[in-house]
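What follows is a single structure, written as structure tokens, with notes after it.
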Amino acid sequence: MKRWIRIFAVWCLMFFCFPSHAEEVLDELSFDEIEKELDEIFEDGEEISFREMVLDLMRGEQAFDLQEIGRRIADICFGELNSQKQVIIQILLLTIVAAVFANYTNVFEKSQTADISFYLIYLILVMILLKAFLEMESMVMEAVKQVTSFLKALLPIYLLAAAFANGSLTAIGFSEMTLVMITILQWILKVVILPGIHLYVILSILNHLNQEDRFSKFAKLIRMVLVWALKTIAGIVIGFQTVQCLVMPAVDSLKTSLLRKAAGSIPGIGNIFNSVTEAVLGSAMVVKNAVGAAGMIIMAMICLMPLFKIAVCVILYRLLAAVTQPVSDRRLTMCVESVGDGADLLLKVVLTTGLMFFVSLALVTAFLRGG
């Protein structure tokens with residue numbers, strides 16, 4: 052009789068207490084560092100609470116408004132168009148003036164005057180374009196910094212949530228290796244990739260200064276190396292995370308299975324113990340998955356603004372090159388197109404960085420399952 056009373060008491064404990072266990076696990080996690088990081092990232096926008104987002108995901112509620120996202124994307128695109136309006140007008144005026152000067156000097160056969168006027172206009176155009184490109188480059192560097200800083204703040208919290216659900220082996224292995232990769236990636240982007248894109252744009256502009264083609268092959272080589280480097284980095288990071296997510300959960304699953312079998316062999320309470328353990332691990336898994344999903348949403352939000360801003364710039368500069376080509380000097384048109392190509396490389400950097408960490412976190416969230 053006492054045995055059945057004990058069983059009934061444990062069953063009542065499991066039934067009434069463990070539905071709220073997920074929120075109890077969440078209370079054990081400190082989100083202060085993440086909230087501080089989000090306040091710095093979104094200082095000019097609406098306030099975002101990471102804890103509230105995790106709670107919404109745990110309850111099955113929608114953590115974001117699709118209409119609000121669409122409105123925000125439209126605001127970003129039209130805002131960038133408005134900010135680039137002055138640059139567009141200046142470039143169009145310069146190309147028109149260059150065409151007028153070219154026609155004037157051709158009529159009077161003043162080649163020296165034509166050269167002087169062209170180089171003067173080209174110099175002014177280069178100054179305008181480089182200023183715009185440096186602003187885009189600074190925006191990309193800030194986006195990379197924000198993504199990596201957010202991940203460094205997120206990983207300790209995710210480590211604890213995963214440790215509750217899976218044990219420390221998988222979580223610690225993922226956290227340590229990912230922190231190392233984040234640091235290395237940030238260094239490569241800052242020291243190699245972004246300066247390489249800057250060099251590519253400078254060489255392309257210099258190449259179009261003269262009639263002779265002097266630096267096009269070198270510029271193409273740099274572009275090819277940069278594109279290959281981005282693809283290689285993404286492949287290595289995602290591939291390593293995939294292998295890690297396939298191997299480490301198997302080790303933890305074996306360890307947990309042995310513990311459950313040992314506990315399950317205890318007469319009388321073995322099955323009860325297994326049921327309670329599954330309930331606890333299930334609650335911890337809900338927290339871990341909610342933290343991972345919230346992290347992916349925040350990363351997408353961080354990359355959203357620079358991604359669409361630079362995409363608008365790529366379209367604008369290539370459209371400008373297409374519009375000015377019939378009336379302007381070929382070298383001026385190619386100069387504008389060179390900045391568009393550089394912006395395209397910056398867009399690839401933002402996409403690669405965002406997708407790389409987004410997919411890595413998605414893989415870990417999907418593969419790391421409790422026992």
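When we follow this note's numbering, the leftmost residue of the sequence shown carries the number 52, and every step to the right adds one. By construction, the Cβ of each residue, glycine as well, lies at the ideal position given by its N, Cα and C atoms. No experiment lies behind these values; they were computed from the predicted model shown.
Check                                                                                                                                                           : Outcome
Using beta-carbon positions only, say whether Met350 and Phe291 come within less than 7 Å of one another.                                                       : no
Assuming Lys203 contacts Leu230 (C-beta within less than 8 Å), just tell me the rounded distance between them.                                                  : 7 Å
Is the Cβ-Cβ distance between Thr234 and Leu414 less than 7 Å?                                                                                                  : no
State whether the stretch 264-280 contacts the stretch 170-182, with contact taken as three or more CB pairs (one from each stretch) at a distance under 8 Å.   : no
On the premise that Val105 lies in contact with Val342, defined as a C-beta separation below 8 Å, what is that separation, rounded to the nearest angstrom?     : 6 Å
Taking the alpha-carbon of Met228 as reference, which of Ala280, Ile289, Leu132, Val365 has the nearest alpha-carbon?                                           : Ile289
Is there contact here, the stretch 355-372 with the stretch 392-411, by at least three beta-carbon pairs under 8 Å?                                             : yes
With a threshold of 8 Å, are at least 3 pairs of Cβ atoms found where one atom belongs to the stretch 141-152 and the other to the stretch 125-133?             : no
Under a three-way DSSP split, which group does Val105 fall into?                                                                                                : helix
Helix or strand or just coil, what does DSSP make of Pro207?                                                                                                    : helix
Taking buried to mean at least 16 other C-beta atoms within 10 Å of its own C-beta, is Met232 buried or exposed?                                                : buried
Ser81 lies in the alpha helix (DSSP H); which residues open and close that run?                                                                                 : Note, Ser81: premise wrong, no alpha helix (DSSP H); not H, not E.
Cα separation between Ser411 and Leu260?                                                                                                                        : 44 Å
Measuring CB to CB, does Ile361 end up less than 7 Å from Met187?                                                                                               : yes
Tell me, to the nearest whole angstrom, how far the beta carbon of Leu108 is from that of Ala345; I am working on the premise that it is less than 8 Å.         : 6 Å
Just checking my contact of Val191 with Leu245 at CB under 8 Å: how many whole Å lie between their CB atoms?                                                    : 7 Å
How is Val378 classed by DSSP in three states: helix, strand or coil?                                                                                           : coil
Check whether the Cβ atoms of Val338 and Ala212 sit closer than 7 Å, and answer yes or no.                                                                      : yes
Only counting the same chain, and skipping five residues up and downstream in sequence, which positions put a Cβ closer than 7 Å to that of Ala150?             : Val378, Ser379
Return the CA-CA distance between Gln163 and Ile175, expressed in angstroms with no decimal places.                                                             : 19 Å
If you count every other CB in all the chains shown that lies within 10 Å of the CB of Val242, and 16 or more means buried, which is it?                        : exposed
Since I believe Leu383 is in contact with Tyr173 (beta carbons under 8 Å), could you give me their beta-carbon distance rounded to a whole number of angstroms? : 7 Å
As an exercise, report each continuous alpha helix (DSSP H) stretch of at least 4 residues that is fully enclosed by the stretch 121-159, in chain order.       : 136-159
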